[in-house]
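Engineer: Mind looking over this structure? Questions follow.
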Amino acid sequence: MVFEKVVVVDGKGHLLGRLASTLAKELQAGQRVVVVRCEEINISGSLFRNKLKYYAFLKKRMNTNPKKGPFHYRSPSRILWRVIRGMIAHKKAKGKAAMDRLKVMEGCPHPFDKMKKLVIPRAIKNIRLKPNRKFCRLGDLSSLAGWRHNDLIEKLEAKRKVKAAAFYEKKLATSKILKDATEATKAECKEIDAQLAELGYGVITPNYGGAAAAGGEAAAEAKEETPAAAEDDEDDDDDDDDE
Numbered sequence: 367m368v369f370e371k372v373v374v375v376d377g378k379g380h381l382l383g384r385l386a387s388t389l390a391k392e393l394q395a396g397q398r399v400v401v402v403r404c405e406e407i408n409i410s411g412s413l414f415r416n417k418l419k420y421y422a423f424l425k426k427r428m429n430t431n432p433k434k435g436p437f438h439y440r441s442p443s444r445i446l447w448r449v450i451r452g453m454i455a456h457k458k459a460k461g462k463a464a465m466d467r468l469k470v471m472e473g474c475p476h477p478f479d480k481m482k483k484l485v486i487p488r489a490i491k492n493i494r495l496k497p498n499r500k501f502c503r504l505g506d507l508s509s510l511a512g513w514r515h516n517d518l519i520e521k522l523e524a525k526r527k528v529k530a531a532a533f534y535e536k537k538l539a540t541s542k543i544l545k546d547a548t549e550a551t552k553a554e555c556k557e558i559d560a561q562l563a564e565l566g567y568g569v570i571t572p573n574y575g576g577a578a579a580a581g582g583e584a585a586a587e588a589k590e591e592t593p594a595a596a597e598d599d600e601d602d603d604d605d606d607d608d609e
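Numbering (this note's numbering), first residue to last: 367 to 609.
Here's what the structure looks like:
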């Protein structure tokens, strides 16, 4: 995973343990991670088998004072959070700092519904699990354990997908208009493009991302400054030789 300010991971279709181990490593390396749609994470093994294992886990408690733990989380996001915590030295300062970089949530709330979401190929169920193997959904397991918001999350997700589909159709229409306009004005701009090519600009493509354009200009300025710096170094070397 390339280091970025914040990485949003779509939990749908990932295996719980493999996803948790990859995220634990990234968190300890300093990466901030947000995991959305935790209810769609998969666990290998049938729902019945995982239900028996989780019910056995629920029975584990402190004999004299159960209020002191262990605490059994029911929601899918907190189950993932606890699995990741078990792979990190969470009682040390570096472990606490790593856990502070993690956010987990059910569904895909704002503003993460507008952000680019990534997947982790090494943890995808379709890649890592044989087709004939049984698996279950973490949201279904949480519902059996006492989580009561599965229906609400599904309703909110259906609304979000309708909005996302409308946005994508609008985006395609805008892209088509821009492409048609570029093709229509290609003949008119032929002479201007030829003059620009003589000046060394090459093919010019429209860039409507302000940050990307600024980054390109900064890179060009840096490239222009590099030969001058090299010449200065050569002059300094000559002066040293003369001395």
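Cβ atoms here follow ideal geometry from the backbone N, Cα and C, with glycine treated the same way. Note that the structure is predicted; figures quoted are calculated from it, not measured.
Is the separation between the beta-carbon of His-515 and that of Glu-472 shorter than 8 Å?
Structural biologist: yes
Engineer: Rounded to whole angstroms, what is the Cα-Cα separation between Lys-521 and Arg-494?
Structural biologist: 30 Å
Engineer: Determine the DSSP secondary structure at Ile-407, reduced to helix, strand or coil.
Structural biologist: Coil, per DSSP.
Engineer: Any idea which residues DSSP pairs Phe-501 with across the strands?
Structural biologist: Ser-410
Engineer: Take Tyr-420 as the anchor and find which of Leu-507, Pro-436, Glu-405, Lys-457 has the nearest alpha-carbon.
Structural biologist: Leu-507
Engineer: For Gly-377 versus Arg-398, is the C-beta spacing smaller than 8 Å?
Structural biologist: No, Cβ-Cβ distance for Gly-377 and Arg-398 is not below 8 Å.
Engineer: Between the Cα of Leu-510 and those of Lys-433, Ala-386, Lys-525, Arg-415, spot the shortest distance and give me the residue it belongs to.
Structural biologist: From the listed residues Lys-433, Ala-386, Lys-525, Arg-415, the smallest Cα separation to Leu-510 is found for Arg-415.
Engineer: First and last residue of the beta strand (DSSP E) that includes Val-399?
Structural biologist: 399 to 402
Engineer: Figure out for me which residue from Arg-384, Val-401, Val-449, Lys-425 has the closest Cα to the Cα of Ser-478.
Structural biologist: Residue identity check: residue 478 is Phe in the sequence provided, not Ser. Here the closest residue by C-alpha is Val-401.
Engineer: Which stretch, first to last residue, makes up the beta strand (DSSP E) that contains Leu-468?
Structural biologist: First-last of the beta strand (DSSP E) with Leu-468: 468 to 470.
Engineer: Measuring straight from C-alpha to C-alpha, what distance separates Lys-529 and Lys-480?
Structural biologist: C-alpha of Lys-529 to C-alpha of Lys-480: approximately 11 Å in a straight line.
Engineer: Please check the pair Glu-405 and Ile-486, which I expect to be a contact at CB under 8 Å, by giving their CB distance rounded to whole angstroms.
Structural biologist: Going by Cβ atoms, the distance from Glu-405 to Ile-486 rounds to 17 Å, so no, they are not a contact pair.
Engineer: In terms of residues, what are the limits of the alpha helix (DSSP H) holding Val-449?
Structural biologist: 442 to 451
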